[in-house]
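The working numbering puts the last residue of the sequence shown at 1623; the count rises by one with no breaks.
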Amino acid sequence: MKIRNHNISAIDIGTAKTCALIAEIDRENKIPIIKGYGVVATKGIKKGTVVNIEEVSETISKASNIAEEMAGTSISNCYVSISGDHIRSINTQGMIAISRDTRTGLGEAREIEQDDIDRVIEHTRAVPLPVDRQILHVMPQEFIVDEQSGIRNPINLLGRRLEVKVHLTTYSTTVASNLLRCFKNADLSIDGFVLQAFASSYGVLTANEKEYGAILIDIGSGTIDVIVLRNSGIYHTGVVNFGAHLVTSDIAYMLRIPLESAEIIKKSHGYAFAGMADKEAFFKIESSGNRPAREIPIARLAQYIEPRMEEFLREAFMEAKKADIPLSNIPLLVLTGGGSL
Ligand SMILES: Nc1ncnc2c1ncn2[C@@H]1O[C@H](COP(=O)(O)OP(=O)(O)OP(=O)(O)O)[C@@H](O)[C@H]1O
Ligand SMILES: [Mg+2]
């Protein structure tokens, strides 16, 4: 019997741009094939959260319409990425006893089944939460069967006691309700929320990189998302409450030019390390009002950018250091997001 393929959609509302994606999941090979995407400038978001419902609803409609047109299909529901300083994360653990099985003659131990794994993970959700918080993800780091730690998949192992260490993230229900309203206005229902840093790690890191360990820093326009992975588990996720838009506003302030011009200059002539900029090179700012045209050294522009980039990385590292594992054990640092370009 031929198993039918089905579509899956996702929307990332960034502070600067919103992306909608429609993919077809090949049921036999389970491989997603991208059918359409739409990218538009975001309106109505600040630092990852909704500040204007109407503008965000319109942004969602625009991005999804473009993706639908390209895919030749319409969508009614989608997964949505979520970020912002309302996200909290903790590492916690759960434990269950594996019930005795006398039939096998193996004493009290018995084979661990999927049901046990689900149950022990469910136990970790029993953390006290304020009324305005909900659990976003519970991501297993390792299982411990009796005294044996470091187990990634305990299925079929014999044991009496099953423990799991997890990374648990929560989000503000108020922030999520505002997002829900925007999607409702755009005639879309939400299949589920996905933490932006978690989504970035899926998009950017290979399975091997997640296994050996990586710090992934996603420098967006309004937020910097940080995720620390090791042994394919997540040890920390965090959000720094500012991003690359600050570089643009610094340039606008220092050169007394509008933000739109600063954004163009940053992308065309900006260097994160002042030492890399050509000392002899200049760029031109056209005359405006009674201010004459100016020639600015590219090296001076880099001097405005460098301290901000240093601050971004310092803050991102402070966030990453909150992981329960020493960062010296993590061999890889990966930068992503528009602000890393
Ligand atoms: N070529 C480039 N050089 C320098 N900066 C760039 C370049 N391209 C994009 N950026 C900057 O990257 C930022 C946008 O990044 P990105 O698209 O990852 O953000 P976002 O996902 O919309 O925002 P967030 O994740 O914070 O909500 C902007 O500040 C933009 O100026
Ligand atoms: Mg982003």
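Where a beta carbon is used, it is the ideal one built from N, C-alpha and C, also for glycine.
Please read these numbers as outputs of a predicted model, since none were measured by experiment.
### Message
Give the list of continuous beta strand (DSSP E) stretches no shorter than 3 residues that lie fully inside the stretch 1415–1466.
### Response
Annotation: the stretch 1415–1466 contains the following complete segments of the beta strand (DSSP E) (minimum length 3 residues), in chain order: 1415–1427, 1430–1433 and 1443–1454.
#### Entry: Ser1503 beta carbon near ligand 1 (any heavy atom closer than 6 Å)
Position 221 of the sequence shown, counting from 1, holds the residue named residue 1503. Yes, the Cβ of Ser1503 comes within 6 Å of a heavy atom of ligand 1.
### Message
If you follow the alpha helix (DSSP H) that Met1591 is in, where does it begin and where does it stop?
### Response
Taking the first residue of the sequence shown as position 1, residue 1591 is located at position 309. Counted as a single uninterrupted DSSP element, the alpha helix (DSSP H) harbouring Met1591 occupies residues Ile1580 to Ala1602.
### Message
Closest to Asn1490 by C-alpha separation, out of Glu1597, Asn1513, Asp1428 and Asp1473, would be which residue?
### Response
For this step, residue 1490 is matched to residue 208 along the sequence shown. Among Glu1597, Asn1513, Asp1428 and Asp1473, the Cα nearest to that of Asn1490 is on Asn1513.
### Identity of the residue in His1288, Glu1601, Met1558 and Ala1298 nearest Arg1309 by Cα
For the purposes of this step, residue 1309 is identified with residue 27 of the sequence shown, where counting begins at 1. Among His1288, Glu1601, Met1558 and Ala1298, the Cα nearest to that of Arg1309 is on His1288.
#### Entry: Expected contact under 8 Å - CB spacing of Arg1401 and Leu1440 to nearest Å
Stepping through the sequence shown from its first residue, residue 1401 is reached at position 119. Stepping through the sequence shown from its first residue, residue 1440 is reached at position 158. Rounded to whole angstroms, the Cβ separation of Arg1401 and Leu1440 is 17 Å, and the two are not in contact under 8 Å.
### Task
Go to Ala1305, then tell me how far its beta strand (DSSP E) extends in each direction, as first and last residue.
If you number the sequence shown from 1, residue 1305 lands on position 23. Run containing Ala1305: Lys1299 to Ile1307, per the beta strand (DSSP E) assignment.
#### Entry: C-beta contact flag for Thr1488 and Ser1371 at 7 Å
For the purposes of this step, residue 1488 is identified with residue 206 of the sequence shown, where counting begins at 1. For the purposes of this step, residue 1371 is identified with residue 89 of the sequence shown, where counting begins at 1. Not closer than 7 Å, so no.
### Query
So, is Leu1630 buried or exposed, given that buried needs 16 or more other C-beta atoms within 10 angstroms?
A question about residue 1630 goes unanswered here, because the residues of the chain that appear run from 1283 up to 1623.
#### Entry: Simplified DSSP assignment, three categories, for Lys1317
Locating residue 1317 in the sequence shown gives position 35, where the first residue counts as 1. Three-state result, Lys1317: strand.
### Task
Give a single yes or no on whether Gly1621 has its beta carbon closer than 6 Å to a heavy atom of ligand 1.
The residue you call residue 1621 lines up with position 339 of the sequence shown. Because some heavy atom of ligand 1 lies under 6 Å away, the Cβ of Gly1621 counts as near it: yes.
### Query
Roughly how many angstroms separate the alpha carbons of Val1362 and Ala1534, rounded to a whole number?
Locating residue 1362 in the sequence shown gives position 80, counting from the first residue. Locating residue 1534 in the sequence shown gives position 252, counting from the first residue. A straight line joining the alpha-carbon of Val1362 with that of Ala1534 spans about 32 Å.
### Message
Taking its Cβ as the centre, do 16 or more other Cβ atoms sit within 10 Å of Asn1611, making it buried, or is it exposed?
### Response
Position 329 of the sequence shown, counted from the first residue, corresponds to residue 1611. Classification for Asn1611: exposed.
### Message
Along the chain, where does the beta strand (DSSP E) containing His1518 start, and where does it finish?
### Response
Here residue 1518 is taken as the residue at index 236 of the sequence shown, counted from 1. According to the DSSP assignment, His1518 belongs to the beta strand (DSSP E) that extends over Gly1515 to Val1522.
#### Entry: Paired residues, beta bridge with Gly1376 - DSSP
Residue 1376 sits at position 94 when you count from the first residue of the sequence shown. Residue pairing from DSSP places Gly1376 in a beta bridge opposite Val1446.
### Query
Around the C-beta of Ser1365, are 16 or more other C-beta atoms found within 10 angstroms, so that it is buried, or is it exposed?
Walking along the sequence shown from the start, residue 1365 turns up at place 83. Counting Cβ neighbours within 10 Å, Ser1365 comes out buried, since at least 16 surround it.
### Task
Would you mind working out which of Pro1436, Met1421 and His1419 sits nearest Val1427, comparing C-alpha positions?
Counting from one through the sequence shown, the residue named residue 1427 turns up at place 145. The candidate whose alpha carbon is nearest that of Val1427 is Pro1436.
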